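Student: Here the protein sequences line up with chains A and B, keeping their order.
Just so we're on the same page, my numbering is the position in the first sequence counted from 1, plus 335.
Just so we're on the same page, my numbering is the position in the second sequence counted from 1, plus 71.
Sharing a structure here in structure tokens format.
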Amino acid sequence: MHFVPMTGVIFPFGSATGARDDALSARYAWQWLPLEVGLGAKVMDELYIGGYFNVGVGLEGSDLATEAHCEAGNDAVDDVSCSSVSVRVGIEGRYSFTPAEPMSGWLGYGIGYTVGSETISDVGRYTETSTATGIEMARLSGGLDFRLKRGFGLGPYAMVSIGRYTRQRTEIRNVETASTSIDNPATHAWVGLGLRLVIFP
Amino acid sequence: MMNMQLHHSAWLIALALLGCDGQQYVNPGTALLTVSHDVTGSKLVEGCNYVPVLQGSQIQKRYTVDDALEALVTLTRSDITVTFEGSGAGAPPFRATTKELENGAVVDDSPPDGYTVELGSGCVPEDP
Numbered sequence: 336m337h338f339v340p341m342t343g344v345i346f347p348f349g350s351a352t353g354a355r356d357d358a359l360s361a362r363y364a365w366q367w368l369p370l371e372v373g374l375g376a377k378v379m380d381e382l383y384i385g386g387y388f389n390v391g392v393g394l395e396g397s398d399l400a401t402e403a404h405c406e407a408g409n410d411a412v413d414d415v416s417c418s419s420v421s422v423r424v425g426i427e428g429r430y431s432f433t434p435a436e437p438m439s440g441w442l443g444y445g446i447g448y449t450v451g452s453e454t455i456s457d458v459g460r461y462t463e464t465s466t467a468t469g470i471e472m473a474r475l476s477g478g479l480d481f482r483l484k485r486g487f488g489l490g491p492y493a494m495v496s497i498g499r500y501t502r503q504r505t506e507i508r509n510v511e512t513a514s515t516s517i518d519n520p521a522t523h524a525w526v527g528l529g530l531r532l533v534i535f536p
Numbered sequence: 072m073m074n075m076q077l078h079h080s081a082w083l084i085a086l087a088l089l090g091c092d093g094q095q096y097v098n099p100g101t102a103l104l105t106v107s108h109d110v111t112g113s114k115l116v117e118g119c120n121y122v123p124v125l126q127g128s129q130i131q132k133r134y135t136v137d138d139a140l141e142a143l144v145t146l147t148r149s150d151i152t153v154t155f156e157g158s159g160a161g162a163p164p165f166r167a168t169t170k171e172l173e174n175g176a177v178v179d180d181s182p183p184d185g186y187t188v189e190l191g192s193g194c195v196p197e198d199p
């Protein structure tokens with residue numbers, strides 16, 4: 336068994352959909368990945384295969400019309416809150432170049448399911464959540480592992496998650512108002528950096 | 072007396088600085104779909120919806136106008152589209168931008184035969 340908790344930050348690039356002015360960064364700001372969990376096994380010394388699950392949390396994106404609503408309160412006591420969340424879940428393989436050495440580089444590829452969600456809410460009067468779901472076509476990652484002691488490793492990693500949202504769901508005041516496929520999907524990427532622990536490497 | 076006025080003013084300034092100047096709300100726009108019968112003038116549908124705030128958000132709502140006609144309204148934060156089904160299926164979709172609504176009601180210039188269709192604003196939506 337191989338347990339891989341990670342933490343880091345991710346930055347949005349590309350387009351959420353093919354609609355005009357629908358950049359991923361317009362919907363979602365950079366996000367903090369408080370934790371990613373991977374669980375799997377080594378099928379050979381160099382190759383790990385397992386599942387991953389991570390959640391990113393952050394603020395609304397740079398879209399001016401949304402920001403105008405989000406900033407409707409004042410700085411001291413702001414009754415309007417905006418936030419964004421992203422989730423990725425899937426399976427991946429990682430290849431370690433020198434698994435028996437105290438320091439080893441690795442590369443990974445994964446595929447899975449991706450969700451991006453943005454919410455605006457005031458104090459109980461109005462809430463709107465826009466959620467896009469789709470596929471994570473390629474999760475490309477790489478990093479270094481330093482074996483600190485037996486059964487425990489630590490190191491930096493970088494990750495590019497390339498995806499495409501295909502469905503869009505809206506909730507207003509906690510009632511679903513639409514759930515439709517996206518007519519003109521586009522490709523987006525989340526680029527991340529962080530620290531990765533490996534337990535039972 | 073002067074002291075009381077000063078005290079009152081200082082209190083108001085302090086409240087404003089602390090942000091205690093009333094709660095702030097999102098205040099989304101609204102869109103009112105009205106379908107009326109040409110002959111009788113009676114209003115068959117009056118449907119009020121929020122105009123979504125977020126990029127990508129959408130509202131879809133179906134209204135039964137009468138036994139023969141249904142209207143499906145789709146709202147995004149920039150556009151409103153009304154399509155007709157049933158006896159009005161031949162009528163082209165009625166489209167308006169939310170900016171147009173800010174300047175007043177917009178009337179469908181090619182509605183289903185026998186009906187008048189209009190989009191306005193400034194209504195109070197029921198729960199979605």
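Think of the CB as a built atom: it goes at the ideal place given N, C-alpha and C, for glycine as much as any other residue.
Just so it is clear, the structure is predicted and the values come from calculations on it, not from any experiment.
Compare the C-beta of B/I151 with all C-beta atoms of chain A and state if any pair is closer than 8 Å.
Tutor: no
Student: How far does the beta strand (DSSP E) with B/T145 in it extend, from its first residue to its last?
Tutor: In the DSSP assignment, B/T145 falls within the unbroken beta strand (DSSP E) covering 140-146.
Student: Check whether the Cβ of B/Y121 lies closer than 8 Å to any Cβ atom in chain A.
Tutor: yes
Student: Report back the beta-carbon spacing between A/T522 and A/G391 to the nearest angstrom; my notes put them in contact at under 8 Å.
Tutor: Actually they do not touch by this definition, with Cβ atoms about 18 Å apart.
Student: Considering Cα atoms alone, identify which of B/E197, B/P196, B/P183, B/D179 is closest to B/E189.
Tutor: B/D179
Student: Could you list the residues in the segment 105-137 of chain B with a C-beta less than 7 Å from some C-beta on chain A, going in chain order?
Tutor: Y121, P123, V124, L125, Q126, G127, S128, Q129, I130, Q131
Student: At the level of alpha carbons, what is the spacing between A/V510 and A/F481?
Tutor: Cα to Cα, the separation comes out at about 49 Å.
Student: To the nearest angstrom, how far is it from the Cα of A/P434 to the Cα of A/M341?
Tutor: If I take the Cα positions, the gap works out to 19 Å.
Student: Does the Cβ of B/P164 have 16 or more other Cβ atoms within 10 Å, making it buried, or fewer, making it exposed?
Tutor: Classification of B/P164: exposed, given that the 10 Å Cβ count is below 16.
Student: What residues of chain B sit near A/S465, judged by a beta carbon separation below 8 Å?
Tutor: Per Cβ cutoff of 8 Å: P123, L125, Q126, G127, S128.
Student: Taking 8 Å as the CB-CB limit, is A/Q503 close to chain B?
Tutor: yes
Student: Sort A/Y492, A/I517, A/F346, A/G488 by Cα distance to B/S128 and report the nearest one.
Tutor: Closest by C-alpha distance to B/S128, out of A/Y492, A/I517, A/F346, A/G488, is A/I517.
Student: Among residues of its own chain, excluding the 5 on either side of A/S465, which ones have a beta-carbon nearer than 6 Å to its beta-carbon?
Tutor: E453, T505
Student: Kindly say whether A/A351, judged by its beta-carbon, lies nearer than 8 Å to any beta-carbon of chain B.
Tutor: yes
Student: Find the residues of chain B that neighbour A/Y461, judging by a C-beta separation of less than 9 Å, and give them in chain order.
Tutor: For A/Y461, the neighbours in chain B by C-beta distance under 9 Å run, in chain order, Y96, V97, N98, P99, Y121, V124.
Student: Just confirm the distance between the C-beta atoms of A/S496 and A/A524, as a whole number of angstroms; I'd bet it's less than 8 Å.
Tutor: Distance from A/S496 to A/A524 at the Cβ level is roughly 6 Å; contact confirmed, criterion being Cβ atoms closer than 8 Å.
Student: What did DSSP end up calling A/R460 once you bin it into helix, strand or coil?
Tutor: coil
Student: Cβ of B/T152 within 7 Å of any heavy atom in the ligand NAD?
Tutor: You won't find the ligand NAD in this model; it holds no ligand whatsoever.
Student: Checking contacts by CB at 8 Å: is A/E402 closer than that to chain B?
Tutor: no
Student: Given that A/D357 touches chain B, what residues does it touch there, using C-beta distances under 8 Å?
Tutor: Q126, G127
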